[in-house]
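Since the structure comes first, as structure tokens, the remarks are kept for the end.
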Amino acid sequence: MARRVYIFDTTLRDGEQSPGCSMNIQEKLEMAKQLERLKVDVIEAGFAIASPGDFQAVKAIAETIKDCAVASLSRANEQDIDRSAEALKNAVNPVIHTFIATSEIHMKHKLKMTPDEVLARTKAMVAYARKYCSNVEFSAEDATRSNPEFLCRVFETAIAAGATVINVPDTVGYTTPEEFARLIQYLREKVADIDKVILSVHCHNDLGMAVANSLAAVKAGVDQVECTINGIGERAGNAALEEIVMALKTRNALYDVDLKVDTTQIYRSSKLLSNITGVGVQPNKAIVGANAFAHEAGIHQHGVLADRSTYEIMTPESIGLKKNTMVLGKHSGRHAFEEHLKTMGYKLTKEELDAAFAKFKELADRKKVVQDADLEVLVSQKQVEIPAVYQLDRFVINTGNTITATAAVRLRKDNGPSELIEEVATGDGPVYAAFKAIEKIVGHSFVLEDYKVNSVTEGQDAQGEAYVRIRRNGRIFTGKGVSTDIFEASVLSYINAINKMIYEEKLEAQV
Ligand code: KIV
Ligand code: ZN
């Protein structure tokens, strides 16, 4: 029988640490629900001690997710472990994940600890975590640059103290497939009782080998792979979940392992993450890139028409990418709309469907044909909607190449009809003028870290998605706006970022 390999998803922890990928609690919770639909084995929900927001997110995910284990990261100290245990208190299947660095470089320069001190801390903290939780994962940070003999001693210590998962991170993305496979074989031979625990790997992509290294480790016998959706993560990212899973499935005869993942949820998971963070994937990205299943060259098209297997090693359907033939427009009814969403993998509650249908009708009035990409944006936006203190009532922008851009923006505050506030501002360009007018209304100015507009689909009536990243007091907030008018999308994105800031500050004040 095929050996079972567990998928440990760290999109919400290691992934979220990458620039531009931060998410608020509501967004993390929606992403966690999607990971549950994807049927990963473990969701690493965050680093509970990192901030009140992280703690709240881990807690909310632990209380909501039933079908996956939920992990929280902790350094090897009591305060971190206490915080993780508190956040995971109500989880069905909690995992405390604790780590300490084991390479000479990290022990000397970062921890300023001797190897013996690292061993003692490993023993004490794994045992401490075990008092709270029967599942404890131990990671040796920078394992691939550690002395292999010392690494064996650390892992034996962790196992003796009660660790149930031993993780081997390639923290700086330094190893290569052959070398990593040798290290795994060595650990499997030398570490006492290694066969009594789950052996895991966690690879970073600094040399572009995170997926190859993870697959080499699977071949060498590991039981768990840690990865993220779209490969997001520190620096060049983590190993991409979709690439690992589809490689293991497509080349099953070679790897002979069994996974629980529902691959038909891969595309939707990737899209939801991009829609939430505004960080898309490059068109030629394996599995989920826009061109991953597109055949451009005539010779390829000819082959695919004759038989798909000529140039396709996996089907678009296997990752949940369906070609819908039904076209939606302003005459489409609620039933057709609902059925269409179902074919795209979305099953909405009655309330969600009502709200999505109302938005769809508004959009269909502006756009002749509503495409699947429009619907994805519409549904994912609804899923992560937060209470909006400010809403756009109207705006007017006056611009040209011989005048200073001026914007008048009127916002509704707290949904009150009498609370309409209007301000006018000038700026270096129409969008900047509108942002300045909004800042006058809310009474704060922000540093604009990033602003971009993408088109959701092709065509003259395509919707534009605007993303902003703003900073206040060292904290970053992202906002998104979608409209067929890019100025409106930009204004909406700025308001969305400000509403998220207010929402997060309110939630954190409750901790
Ligand atoms: O890359 C790394 O070493 C980590 C550990 C905390 C597992 O993310
Ligand atoms: Zn990592």
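For the sequence shown, this note's numbering assigns the number 961 to the last residue and increments by one with no breaks.
All C-beta atoms in this analysis are idealised placements derived from N, C-alpha and C, irrespective of residue type, glycine included.
query, result
"Distance between beta carbons of R453 and D706, contact taken as under 8 Å", "7 Å"
"Residue burial classification, V576 (beta-carbon count within 10 angstroms, cutoff 16)", "buried"
"For A744, the residue or residues it bridges with in DSSP", "Answer by DSSP bridge pairing: none, since A744 is not bridged."
"Endpoints, the alpha helix (DSSP H) within which Y761 is located", "Run containing Y761: none; DSSP gives neither H nor E here."
"Endpoints, alpha helix (DSSP H) assigned at I546", "I546 -> not in any alpha helix (DSSP H); beta strand (DSSP E) instead, spanning P544 to A551."
"The ligand KIV heavy atom lying under 7 Å from the CB of F588", "no"
"Sufficient close CB pairs (3 or more, under 8 Å) joining the segment 845-853 to the segment 808-817", "no"
"Where the beta strand (DSSP E) through H785 begins and ends", "That residue, H785, is in no beta strand (DSSP E); its alpha helix (DSSP H) goes R784 to T793."
"For T876, the three-state DSSP class (helix, strand or coil)", "strand"
"Distance, V834 Cα to E480 Cα", "7 Å"
"Nearest-angstrom Cα separation, counted from D864 out to V695", "45 Å"
"Status (buried if at least 16 other CB within 10 Å, exposed otherwise) for T461", "buried"
"Whether H790 touches L771 by CB criterion (8 Å)", "no"
"Extent of the continuous beta strand (DSSP E) to which Q841 belongs", "Y840 to N848"
"Reduced DSSP secondary structure (H/G/I, E/B, other) of V711", "coil"
"Under 8 Å between C-beta atoms of C518 and V729", "no"
"Backbone CA spacing between D824 and K539 [nearest angstrom]", "39 Å"
"Heavy atom of the ligand ZN within 7 Å of N655 beta-carbon", "no"
"Spatial neighbours of L798 in its chain, beta-carbon cut-off 8 Å, leaving aside the 5 residues before and after", "E788, L791, A806 and V829"
"Beta-carbon proximity of A593 to T626, cut-off 8 Å", "no"
"P506 versus H781: straight-line alpha-carbon distance, rounded", "Just to set this straight, residue 506 is Gln in the shown sequence, not Pro. Approximately 43 Å, taken between the alpha carbons."
"beta-carbon P619 near the ligand KIV non-hydrogen atom, thresh 7 Å", "yes"
"Element boundaries [alpha helix (DSSP H), containing D459]", "Per DSSP, D459 belongs to no alpha helix (DSSP H); it is in the beta strand (DSSP E), Y456 to D459."
"Per-residue DSSP class, three states only, for G852", "Per the sequence shown, residue 852 should be read as Thr rather than Gly. DSSP places T852 in coil when its eight states are reduced to three."
"Same chain, Cβ closer than 6 Å to V641, neighbours up to 5 away in sequence not counted", "C602, F605 and E606"
"Inter-stretch contact at 8 Å, needing at least 3 Cβ pairs: the segment 837-849 / the segment 877-885", "yes"
"Nearest-angstrom Cα separation, counted from E684 out to T572", "24 Å"
"Distance between A611 and R580 (C-alpha atoms, nearest Å)", "8 Å"
"For G931, the three-state DSSP class (helix, strand or coil)", "strand"
"Given E958 as reference, the closest of K509, V455 and Y456 once Cα atoms are compared", "K509"
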